[in-house]
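Following: one structure in structure tokens, then a few remarks.
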Amino acid sequence: MRAPFSTAIAIAVGLVVLLGYFLPIDSLRGVLVNWAVTLAGLAALVAILNLVGVHWRKLRTPKHPDLYSLVFLLAFLATFFVVAYLGPSDPQVQTIVTNIQIPVEATLLGIVAIILTLAALRLFSRRQGLMAWVFLVSVVFFLLLGSGILGFGSGLLPAGMVQFFQALPIAGSRGILLGMALGSLTAGLRILMGTDRPYSG
Amino acid sequence: MAMADIRCSMCGRNNPEDLQECKFCGARLKPMVAGGLESAQPAAKGEETDWLASLRAEAPADSSASDLVGDLKGSDEEEIPDWLTRLGALDRPQEEGAPAVQDGGADTPTFSLGRLPEEKPSGKPEPSQDEGEDWLLSLRSSGIVENEPTQKIHPAPDVPEEDGLPEWLSNLGESEPPSIAIPAEPEKTGTSPLPEANLPPGNTDWLRSFAANVEQPEPANQPQTSAEPAALPDWLSDFKENSGIEKTPAAEHQDEPAQPVIEHPEAESVIGLDWLAEFSAEQSADQKPDQEMMKETAEEPLPDWLASFSQGERPPSAAGQETLSTAVEQPVEPADSVLPVGETTKPVEPSEETPDWLSAFQGMSEEPPAEPATEEVAPDWLREFQQATAEPGEEEAPATPPLPTPAGEVSETAFEMLEGEEMPAQSDLLKEWLAGMTPVEPTEAFLAGHPAAEAARAESSPARAESSPARAESSPARAEEPPSTGDLPDWLRDLQTSVPDEQAPAEPAGKAASWLQEFQQALPAEEGAVEAFVPGDTLEPEQPGEKEAPQRTPAEAETQPEFPSWLASLDTSTTTAAPSPAAFVEEEPTRPAVSSGSPFAVDLPDWLSQFGESGSPGEGAAAGAAATREEGAAPAELPSWVEAMRPAQSAVPGGLLGDLTEQIVEKAGPLAGLRGVLPGNTLVTEFRSLPVYTGKLTPTDRQVTNANLLEEMLSQETEPKALPARRTQAPAIILRLAVGAALILALLLPLITNFKGFSPIPAVAPGSAGFVDAVTRLSTPATVLVAVEFEAGFSDEMRLASLGVLRSLANRGVRMALVSTNPAGPVLANHLLAEVYGRPPDPMKEAVNLGYLPGGTGSLLELAALPLQNVSGATFNVSIYTATVPFIQPGSRLDQFAAILLITDNPENGRAWIEQTVPALKRNPNASFLVISSAQAAPMLLPYSEAKQIQGMISGLSGGAMFEKQIQKPADAAKSWGAYQLGMLVAIVFIGIGGVLRGLATILRPRVKKGG
């Protein structure tokens, strides 16, 4: 058995947290969850350091130095030092995030909307068949239904039919949620039983 | 009368009798007889032929001939043997057999070899056969008397002689001399150096050979009797046995030279032609006019046989048949005691009393003595006779000396000459010939060994020294002739007497033929014995002619069924008899003898077998020589490997060539009229160029089609395929820009134009009813925990969806504590609060931003389980706010909040919040869990709403617009409703247009079958 010690720790921590839902052992469970959240915060710091290191290597590439990496590094350092100096609750810091990050990300989502429309336009040029047609019809129908063009019970379609068609995505999503719950349960059980040991490297 | 074949002297093949020319070579078969036969036929019917009449009429006028005959006759009268005298005295045979004999005698000139078997009836009774044998026996006996002293005559199988033997024949046997003493010449060899000096220059070879055989006995060491018995049929053997003649050692010694000669089957086969061939050859060589030759002949001394006639040889005993038998067994009296050395045998001149039948017989069988006169110009009848007697003459005259010219050559020359139309009349020739005979008459000295005669004989010796095989072979037969020739033929007698009327009227030819028929019929009866004898006679393996005999077609067999076997053997041997004269003469002594180991020994008669057993030492050499001849007999046969190397296609088949050659008749030149004599003319047609084989193929249509298909496939494989043209990026970019521009325009236009949309904002949305109720129930001093769990990109959607709710809460004085597990969440929360309040909210009274909760789902668990100040991640912020915000009590938990409002665009975050915090929140039964989600995450969270795990939920712009519509405070969501619908409609239009176009293109595009 490889890495039995780590496996035993993983199994023991998992069992303790699980039992914390059923047994009044919140203090022990809280300590373990607090360690997990701290380690997760450090993991975000490590991820930030890894991101800075990647762009630093791209900037130091002899032939083709990535200038975008240089921009990233400059923005990172400026934000880090400003937020570190001003604090996260400073309105100047809030303005920087609000005026830069929100429009950028919102623009990206707008482009996605255009790209998805164009992809739907070229759908049949790349893939043809029954499912393509089903997909096309579903997209068009639910776009119309979601847009409210068809109305929400007081429009072209009766309310019952609109509710029926609005409940169809809920049914599908519930099935997906049930599957995800079963998958999460199985993964937890595997880890608790030691069958799946992602921590062993 | 059955049809018989006539052997062609040119090609040696048999032809039907009725043919005038050989069907194979075109040579005339009866050049001389053709006219003679036709002319002789009437004579045979009672009319005397002109030539014979003239002959008889002119014979007396010819003094030389008459003198000769007269001398002979006169001399013979004194020394005529008793047996001959008795023969002459016996008229009974003449009476009984006179018709036949005289017929034969009268028709002797027309007697031919070809007719001999032809006239022989197949079913002739034995007596006639015996008669035929008898006269031959008489001849044989006389011959034996002269020549057989050197032979060992063994008793032959008994022959029923007494059965059909006529009295005349019995008397003949009684009157025949048992033997004739012949002077021995020890220096004589097989080559027979003839005492030519004793022969007249004009004499024929047979006469010389006869004289040689008679006068020049061979040394005793020569094989003597090895072949003579072979050359004799049984009936002759019987005769010898019965004749009682027994050779003395001296006689054997004397006759030795003649013995080897008879051993040659080839010679035996051409006996009858040898002298004629020689005659013709010499005639052509000498180129002398007939008249001159006849004169010279007349001046020449008498031949030996005539000399012997003149000397009147007498047999030692002639006392009947028993006496003959006894005499045969008795040793023959030494030649020296009978005749002086160098003297020929004493010819027994027939007496005048010789019966006609005997004369006729003599005229038929002993005609050769008259050949010397015909050497220059032989009459047709004589030639025919010679041909006729050639084969039977083997038995009749085994002691005939060898002729210098090969038989084939002679025959060809003779017939060529005879074919000439300028041939003198037969009667005239005969007259001249007979006239030439007369000078022989006074040659008593020659007969007695006169030097002049010997000198004359020597003149012709060089040519005769070239003894042909035929002549050499005929020598034994001729050696036996002297006794028979001793009986002067009738024609000679007739010439002597010159009394045509003395003879019976010319017998019809038919009668003569019948006589011969009887004689010939008698021969087949002996076939049994003769056939057994013939192989032994040849003492050689099968001759080609013998092999051909059984292969004859039935038609051919019918044409010559009457050939007795001995004649057949002679016939076949004739075809193969053409060795060089010198070789032949030398080979004679080495003639193969019958050996006990020979495969043919079983067929040999007893006497011949005994002879074979007691063969001379030269038999081995003779066998070797025979083998050599055998090898030489087929020189044209190429070895098989040579045949295999010969180009098979280069020559026309020989049969065709042969046919073509035989069909060509020379039309000009000295060979005019001859057929097939120049085979070289057809050589052009014999060879042809080799066929040229080409390698050009001739494929079928299917093969051509397949080849074309294969070629096309190969060409297609090598042809470059054009790659599909790559589409340019321009249309895609244009389309993308167009779509983007259309969507942007659709979103801006409602905002600009204040477009309210295609439909009103919906009043109710799924899950929205509980949400509105829960929000509306919140009021002041309630605190709501707001979880800001969305990204900056969804901030616009989430802002429009949540602003109405937050403003509603803010309006009613509900305090809000903002928290987020997203790092950007606290900033977005501040931005959101700023929009709700239009300013930064008062943390102590309105809303406080608790900050970020690190650790994801773990932090939510910690938030739900621990007091707010113990929350690790939020401690910083919460501690800040909790320390300063009075509405958050220290050590409070989640259940102190009246509601948790989750603003999220991520279903995972919504699930985590719902699953981790709802249990802790439910500790306050009035607390509610509300969700504001994006349109994207709504379907995933609606189930929780439907399950009542959360109390209300709104999603997207529509949810915010609906909430605003419900609280009747239209806000930003209601303003964006028109832009939202138009934008969605444009997107739907683009997707629809694209789908329809592609669908039409797919429908209109011709389908390509898979695998085609």
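Quick mapping for you: the protein sequence lines, in order, are chains A and B.
1 is the number of the first residue of the first sequence in this note's numbering; add one for each residue after it.
1 is the number of the first residue of the second sequence in this note's numbering; add one for each residue after it.
Virtual Cβ for every residue (Gly too), placed ideally from N, Cα, C.
Bear in mind the structure is a predicted one, so any value in this text is a computation, not a measurement.
> Can you pull the DSSP bridge partners for B:Glu21?
Replying inline: Here residue 21 of chain B is taken as the residue at index 21 of the second sequence, counted from 1. B:Glu21 is bridged to B:Arg28.
>> Once the 5 residues before and after B:Leu901 are set aside, which same chain residues still bring their CB inside 6 angstroms of it?
In response: One-based indexing of the second sequence puts residue 901 of chain B at position 901. Only residues of its own chain outside the window of five on either side were considered, and among them Val784, Val786, Leu930 have a CB closer than 6 angstroms to the CB of B:Leu901, listed in chain order.
>> Which complete alpha helix (DSSP H) runs does the stretch 125-174 of chain A hold, if anything under 4 residues is left out?
In response: 130-147
> chain B beta carbons: is any one of them nearer than 7 angstroms to that of A:Gly87?
Replying inline: Locating residue 87 of chain A in the first sequence gives position 87, where the first residue counts as 1. With 7 angstroms as the cut-off, A:Gly87 does not count as an interface residue toward chain B.
> When the Cα atoms are used, what is the spatial distance from B:Cys8 to B:Gly673?
Replying inline: Translated into positions along the second sequence, residue 8 of chain B becomes position 8. Translated into positions along the second sequence, residue 673 of chain B becomes position 673. Using only the alpha carbons, I get a separation of about 16 angstroms.
> Is it true that the stretch 852-868 of chain B meets the stretch 18-34 of chain A, where meeting means three or more beta-carbon pairs spaced less than 8 angstroms apart?
Replying inline: yes
>> Quick test of the definition: if touching needs 3 or more C-beta pairs under 8 angstroms, does the stretch 738-748 of chain B touch the stretch 134-148 of chain A?
In response: no
>> Below 7 angstroms on C-beta distance, what does A:Ser173 contact in chain B?
In response: Counting from one through the first sequence, the residue named residue 173 of chain A turns up at place 173. The contacting residues are Pro939, Met940, Leu942, Pro943.
> Is B:Gly838 buried or exposed, if buried means 16 or more other CB atoms sit within 10 Å of its CB?
Replying inline: Position 838 of the second sequence, counted from the start, is the residue given in the question as residue 838 of chain B. B:Gly838 comes out exposed.
> How is B:Phe771 classed by DSSP in three states: helix, strand or coil?
Replying inline: Looking up residue 771 of chain B in the second sequence gives position 771. Of the three classes helix, strand and coil, the one that applies to B:Phe771 here is helix, per DSSP.
> By the 10 Å Cβ neighbour count, where 16 or more other Cβ atoms means buried, how is B:Pro766 classified, buried or exposed?
Replying inline: Here the question's residue 766 of chain B lines up with position 766 in the second sequence. Taking every protein chain shown into account, the CB of B:Pro766 has 16 or more other CB atoms within 10 angstroms, so this residue is buried.
>> Measuring straight from C-alpha to C-alpha, what distance separates B:Gly676 and B:Asn708?
In response: Here residue 676 of chain B refers to the residue found at position 676 when the second sequence is read from its first residue. Here residue 708 of chain B refers to the residue found at position 708 when the second sequence is read from its first residue. Each residue's alpha carbon lies about 60 angstroms from the other.
>> Would A:Pro24 pass as an interface residue toward chain B - the criterion being a Cβ-Cβ separation below 7 angstroms?
In response: Working through the first sequence from its first residue, we reach residue 24 of chain A at position 24. Among the residues facing chain B, A:Pro24 is not included, as its CB has no counterpart in that chain under 7 angstroms away.
>> Against chain B, does A:Phe124 count as a neighbour if the rule is that its beta carbon must be under 7 angstroms from one of theirs?
In response: For the purposes of this step, residue 124 of chain A is taken as the residue at position 124 of the first sequence. Chain B contact via Cβ: present.
> Helix or strand or just coil, what does DSSP make of B:Glu586?
Replying inline: Within the second sequence, the letter at position 586 stands for residue 586 of chain B. Here B:Glu586 scores only 42 on pLDDT, less than 50, and its place in the model should not be relied on; the value that follows carries that caveat. If DSSP states are grouped into helix, strand and coil, B:Glu586 belongs with the helices.
> By how many angstroms is the C-alpha of B:Thr776 removed from the C-alpha of B:Ser808?
Replying inline: Position 808 of the second sequence, counting from 1, holds the residue named residue 808 of chain B. Position 776 of the second sequence, counting from 1, holds the residue named residue 776 of chain B. The straight-line gap from Cα to Cα measures roughly 8 angstroms.
> Enumerated in chain order, which unbroken segments of the alpha helix (DSSP H) with a length of 4 residues or greater are wholly contained in the stretch 58-93 of chain A?
Replying inline: 67-86
> Beta carbon of B:Ile954: closer than 6 angstroms to some heavy atom of the ligand COA?
Replying inline: Although the ligand COA was asked about, the structure shown includes no ligands whatsoever.
> Looking at the structure shown, is A:Ala3 part of a helix, part of a strand, or coil, going by DSSP?
Replying inline: Indexing the first sequence from 1 puts residue 3 of chain A at position 3. Three-state result, A:Ala3: coil.
> Closest to A:Gly53 by CA distance: which of A:Leu185, A:Ser69, A:Leu177 is it?
Replying inline: Within the first sequence, numbered from 1, the residue matching residue 53 of chain A stands at position 53. Of the candidates A:Leu185, A:Ser69, A:Leu177, the one whose C-alpha sits nearest the C-alpha of A:Gly53 is A:Ser69.
> Is there a Cβ from chain A that is less than 7 angstroms from the Cβ of B:Ala829?
Replying inline: The count along the second sequence starts at 1 and reaches residue 829 of chain B at position 829. Chain A, which has no Cβ nearer than 7 angstroms to the Cβ of B:Ala829, makes this no.
> Is it the case that the Cβ atoms of B:Phe771 and B:Gly952 are separated by a distance below 7 angstroms?
Replying inline: Within the second sequence, numbered from 1, the residue matching residue 771 of chain B stands at position 771. Within the second sequence, numbered from 1, the residue matching residue 952 of chain B stands at position 952. Yes, Cβ-Cβ distance for B:Phe771 and B:Gly952 is below 7 angstroms.
> Closest to B:Thr904 by CA distance: which of B:Gly793, B:Pro762, B:Arg702 is it?
Replying inline: As a first step, residue 904 of chain B must be located in the second sequence, where it is residue number 904. Minimum Cα distance to B:Thr904 is reached at B:Gly793.
> If B:Gly740 and A:Gly41 are in contact, beta carbons under 8 angstroms, what's the gap, nearest whole angstrom?
Replying inline: For this step, residue 740 of chain B is matched to residue 740 along the second sequence. For this step, residue 41 of chain A is matched to residue 41 along the first sequence. Rounded, the Cβ-Cβ distance is 40 angstroms, inconsistent with contact.
> When burial is assigned at 16 or more other CB atoms within 10 Å of the CB, is B:Thr857 buried or exposed?
Replying inline: Mapped onto the second sequence, residue 857 of chain B falls at position 857. Looking at its Cβ environment, which holds 16 or more other Cβ atoms inside 10 Å, B:Thr857 is buried.
> So A:Leu121 and B:Phe990 are in contact, right, with Cβ under 8 angstroms, and what is the actual spacing, rounded?
Replying inline: If you number the first sequence from 1, residue 121 of chain A lands on position 121. If you number the second sequence from 1, residue 990 of chain B lands on position 990. Indeed, because the Cβ distance is near 5 angstroms, the residues count as touching under 8 angstroms.
>> Taking the beta carbon of B:Leu339 as the centre, do at least 16 other beta carbons fall within 10 Å, making it buried, or is it exposed?
In response: The count along the second sequence starts at 1 and reaches residue 339 of chain B at position 339. Residue placement at B:Leu339 cannot be trusted, given a pLDDT of 41 that sits under 50; the coordinates are not used to answer.
> In terms of residue numbering, what span does the beta strand (DSSP E) encompassing A:Thr107 cover?
Replying inline: As a first step, residue 107 of chain A is located in the first sequence; it is residue number 107 there, counting from the start. If you look at A:Thr107, you'll find it isn't in any beta strand (DSSP E); it sits in the alpha helix (DSSP H) that goes 102-121.
>> Check whether chain A comes within 7 angstroms of B:Val739, counting only Cβ atoms and requiring the distance to be less than that.
In response: Within the second sequence, residue 739 of chain B is the residue found at index 739, counting from 1. Interface residue, yes.
>> To the nearest angstrom, how far is the alpha carbon of B:Leu638 from that of B:Thr700?
In response: Within the second sequence, numbered from 1, the residue matching residue 638 of chain B stands at position 638. Within the second sequence, numbered from 1, the residue matching residue 700 of chain B stands at position 700. For B:Leu638 and B:Thr700, the distance between alpha carbons rounds to 44 angstroms.
>> I'd like the ranges of any alpha helix (DSSP H) spanning at least 4 consecutive residues and lying wholly in the stretch 935-1012 of chain B.
In response: 938-946, 956-967, 972-1004
> First and last residue of the alpha helix (DSSP H) that includes B:Leu863?
Replying inline: On the second sequence, position 863 is the one that residue 863 of chain B refers to. Its alpha helix (DSSP H) spans residues 857-865.
> Leaving out five residues before and five after A:Asp66 in sequence, what residues of the same chain have Cβ atoms less than 8 angstroms from its Cβ?
Replying inline: Taking the first residue of the first sequence as position 1, residue 66 of chain A is located at position 66. Around A:Asp66: His55, Lys58, Leu59.
>> At the level of alpha carbons, what is the spacing between B:Glu789 and A:Ser89?
In response: As a first step, residue 789 of chain B must be located in the second sequence, where it is residue number 789. As a first step, residue 89 of chain A must be located in the first sequence, where it is residue number 89. Cα to Cα, B:Glu789 sits roughly 18 angstroms from A:Ser89.
>> Here's a check: name, in chain order, each residue in its chain whose Cβ is nearer than 6 angstroms to the Cβ of B:Gly978, leaving out the five neighbours to either side.
In response: Residue numbering aside, residue 978 of chain B sits at position 978 when the second sequence is read from its first letter. The answer, listed in chain order, is Pro750, Phe755, Lys756, Gly757.
>> Against chain A, which members of the stretch 925-939 of chain B pass a CB distance test of less than 7 angstroms?
In response: Ala935, Pro939
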